[in-house]
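To start, the structure under review is shown below, and the notes come after it.
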Amino acid sequence: MDKNYITDILIDDNDEREQRIHELLRARKSLNVNTEMHKVSTLGERMSDRLAKFAGSWHFLIFFGIVVLTWGVVNTTWILTKPFDPYPYVFLNLILACIASLQAPIIMMSQNRESQKDRIRAENDYLINLKSEIILEDMHMKVDELLGDQKRLKKQLNDIMISMNGTNQIYDEKVSDLRSDKDGKANTGGEEPRIYNRDNRTH
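By the count of this note's numbering, the sequence shown reaches residue 683 at its end, each step adding exactly one.
Right under this line is the structure:
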């Protein structure tokens, strides 16, 4: 699932959009850059990483300091007899120059690999951020749809309540009229009230 597929998710078709969103959720975008780089790295690249890591550690500094100090002490102590590298330690300087000339390209190769890891990591972070942004936008759209549905349901419920209140009012008026008719007949000895008789005569 590449960058173009992710950016094409923002489409108008809700069904297709929903399907792609679920595919995006199932797709795992985060990856371990070190593991992925180790799978494609060669033996020389792995050795350069190890040498660069060792050359930039306290172990190398302490070890090299001990070697140089021992070299100087041994050749200074034997300077009156037969030193193999008398002062000013020309052979030691040659060794140091060779080590420096070999160490520089090894460190540069390791730095190039670190730069490549940084590029992969940056692209991976971009895809993760883009995925999160699309999912958040989809969530906002769904929340807006739910709020719209809630408003419509609330309006329909209010209309139903108003209609029910009107129906209850009419029902109460009918019940009140029936009770009035019943009370009128009871007061006239079972006869209809005059108002009804008058109405009947007019008809």
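The beta carbon of each residue, even a glycine, is placed where N, CA and C say it ideally should be.
The structure presented is a predicted model; accordingly, all values stated were derived computationally and were not measured.
May I ask you to report which of helix, strand or coil DSSP gives D565?
Counted from its first residue, the sequence shown places residue 565 at position 85. D565: coil per DSSP, three-state reduction.
Extent of the continuous alpha helix (DSSP H) to which N512 belongs:
Along the sequence shown, one-based indexing puts residue 512 at 32. Counting along the chain, N512 falls outside any alpha helix (DSSP H), and DSSP gives it neither H nor E.
Assigned exposure category for S537 - 16 Cβ within 10 Å defines buried:
Locating residue 537 in the sequence shown gives position 57, where the first residue counts as 1. Its Cβ having fewer than 16 others within 10 Å, S537 is exposed.
Rank S590, R659, G552 and L607 by C-alpha distance to the C-alpha of M517 and give the top, closest one.
Reading the sequence shown from its first residue, position 37 is the one you call residue 517. Ranking the options by Cα distance to M517, first place goes to S590.
Hey, S528 and I586: beta-carbon distance below 8 Å or not?
Translated into positions along the sequence shown, residue 528 becomes position 48. Translated into positions along the sequence shown, residue 586 becomes position 106. Contact flag set, yes.
Classify V632: buried if its beta carbon has 16 or more other beta carbons within 10 angstroms, exposed otherwise.
To locate residue 632, count along the sequence shown from 1; it is residue 152. The question names Val, but residue 632 is Arg in the sequence shown. Burial call: exposed.
Straight-line CA distance for L637 to Q649?
Position 157 of the sequence shown, counting from 1, holds the residue named residue 637. Position 169 of the sequence shown, counting from 1, holds the residue named residue 649. Going from the Cα of L637 to the Cα of Q649 covers about 18 Å.
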